[in-house]
Amino acid sequence: MSEPAASSASPALASLRAQAATWWQARAPRERQLVAVAGIVIVVFICWSLLVRPALKVAQTAPAQIDALDAQLDQMKRVAAQSTGLRATPPVSPTQAGQALKAATEHLGDKAKLLLQGDRATLTLSGVSGDALRGWLNEARSAARARPIDAQLQRGPDGYAGTLVVTIGAAP
Numbered sequence: 242m243s244e245p246a247a248s249s250a251s252p253a254l255a256s257l258r259a260q261a262a263t264w265w266q267a268r269a270p271r272e273r274q275l276v277a278v279a280g281i282v283i284v285v286f287i288c289w290s291l292l293v294r295p296a297l298k299v300a301q302t303a304p305a306q307i308d309a310l311d312a313q314l315d316q317m318k319r320v321a322a323q324s325t326g327l328r329a330t331p332p333v334s335p336t337q338a339g340q341a342l343k344a345a346t347e348h349l350g351d352k353a354k355l356l357l358q359g360d361r362a363t364l365t366l367s368g369v370s371g372d373a374l375r376g377w378l379n380e381a382r383s384a385a386r387a388r389p390i391d392a393q394l395q396r397g398p399d400g401y402a403g404t405l406v407v408t409i410g411a412a413p
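Per this note's numbering, the very first residue in the sequence shown carries number 242; after that it's consecutive.
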């Protein structure tokens, strides 16, 4: 604070203190005691609300958040290791990739049709279960080195229906 502001605030503050002291002295001892207790309760409540309760909440939720973040980190490490492993594998020729995709599609039965077009393959699904689709994607990724680039899937009572486009060949 600058000097002029401090000096102008000082008489105002002194005046307020004098008024408060006069008011306090005018109260009966029992009333002073009740006001003091009420003040203490208010201060304790404010301290609890602003300091203690947020800290307790953080202390209670932190272990669950740490566990969730650890699980997420482990998952990311697994995916990174899998990605590194896939990059280290030798590329697959387009013919071999096409054969691998056809073999994977045969596992889906008549619920899926595969159309190969150059470096892309379009899989049309009708009523394929989530596990079967996951298996196809895993096989396509590992055996054909195929990567999904477009998916228009809808989940129905019989499973997934729609199209899935994958690219085969060298990574971009």
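For every residue, glycine included, the Cβ atom is placed at its ideal position computed from N, Cα and C.
*Three-way DSSP call (helix, strand, coil) for glycine 368 in this model*: Here residue 368 is taken as the residue at index 127 of the sequence shown, counted from 1. In this structure, glycine 368 counts as strand in the three-state DSSP scheme.
*asked:* According to DSSP, simplified to helix, strand and coil, what is proline 389?
replied: Taking the sequence shown and counting its residues from 1, one reaches residue 389 at position 148. Three-state DSSP puts proline 389 in a strand.
_For serine 370, the nearest candidate out of Tyr401, Val299 and Cys288 (CA to CA)_ = Numbered from 1 along the sequence shown, position 129 holds the residue referred to as residue 370. Closest by alpha carbon: Tyr401.
*asked:* I need the boundaries of the alpha helix (DSSP H) containing lysine 298, first residue and last residue.
replied: The count along the sequence shown starts at 1 and reaches residue 298 at position 57. Taken as a continuous stretch (DSSP letters only), the alpha helix (DSSP H) holding lysine 298 covers 294–329.
*asked:* Assuming the contact rule is C-beta atoms closer than 8 Å, glycine 368 and histidine 348 should be a hit. Round their C-beta distance to whole Å, please.
replied: Mapped onto the sequence shown, residue 368 falls at position 127. Mapped onto the sequence shown, residue 348 falls at position 107. Actually they do not touch by this definition, with Cβ atoms about 15 Å apart.
*Would you list the residues sitting across from glutamine 358 in a DSSP beta bridge?*
Start at 1 with the first residue of the sequence shown, and residue 358 comes out as number 117. Per DSSP, Arg361.
*Can you have a look at leucine 254 and say buried or exposed, based on whether 16 or more other CB atoms are within 10 angstroms of its CB?*
Looking up residue 254 in the sequence shown gives position 13. Exposed, because fewer than 16 other Cβ atoms sit within 10 Å of the Cβ of leucine 254.
*Leaving out five residues before and five after glycine 326 in sequence, what residues of the same chain have Cβ atoms less than 8 Å from its Cβ?*
In the sequence shown, counting from the first residue as 1, residue 326 sits at position 85. For glycine 326, where only same-chain residues beyond five positions count, there are no Cβ hits under 8 Å.
*To the nearest angstrom, report how far apart alanine 341 and aspartate 311 are at their CA atoms.*
Start at 1 with the first residue of the sequence shown, and residue 341 comes out as number 100. Start at 1 with the first residue of the sequence shown, and residue 311 comes out as number 70. If you take the alpha carbons of alanine 341 and aspartate 311, they lie about 36 Å apart.
*Using the rule of at least 16 other Cβ atoms within 10 Å of the residue's Cβ for burial, across every protein chain shown, is isoleucine 283 buried or exposed?*
As a first step, residue 283 must be located in the sequence shown, where it is residue number 42. Exposed, because fewer than 16 other Cβ atoms sit within 10 Å of the Cβ of isoleucine 283.
*Can you name the residues that DSSP bridges to threonine 394?*
Position 153 of the sequence shown, counted from the first residue, corresponds to residue 394. With the sequence shown as reference, residue 394 is identified as leucine, and threonine is not the correct amino acid for it. Gly403, per the DSSP bridge assignment.
*Quick one: is methionine 242 buried, meaning 16 or more other Cβ sit within 10 Å of its Cβ, or exposed?*
Counted from its first residue, the sequence shown places residue 242 at position 1. Legend: pLDDT at methionine 242 = 49, less than 50; position of this residue unreliable, value from coordinates given subsequently. Exposed is the call here.
*What are the boundary residues of the alpha helix (DSSP H) that includes glycine 280?*
As a first step, residue 280 must be located in the sequence shown, where it is residue number 39. Where glycine 280 is concerned, the enclosing alpha helix (DSSP H) stretches over 270–288.
*To the nearest angstrom, report how far apart alanine 329 and glutamine 316 are at their CA atoms.*
On the sequence shown, residue 329 is found 88 positions in, with the first residue counted as 1. On the sequence shown, residue 316 is found 75 positions in, with the first residue counted as 1. Computed Cα separation, rounded: 20 Å.
_Using a 10 Å radius around the Cβ and a threshold of 16 neighbouring Cβ atoms, would you call threonine 336 buried or exposed?_
The residue labelled residue 336 in the question sits at position 95 within the sequence shown. Exposed: under 16 other Cβ atoms inside 10 Å.
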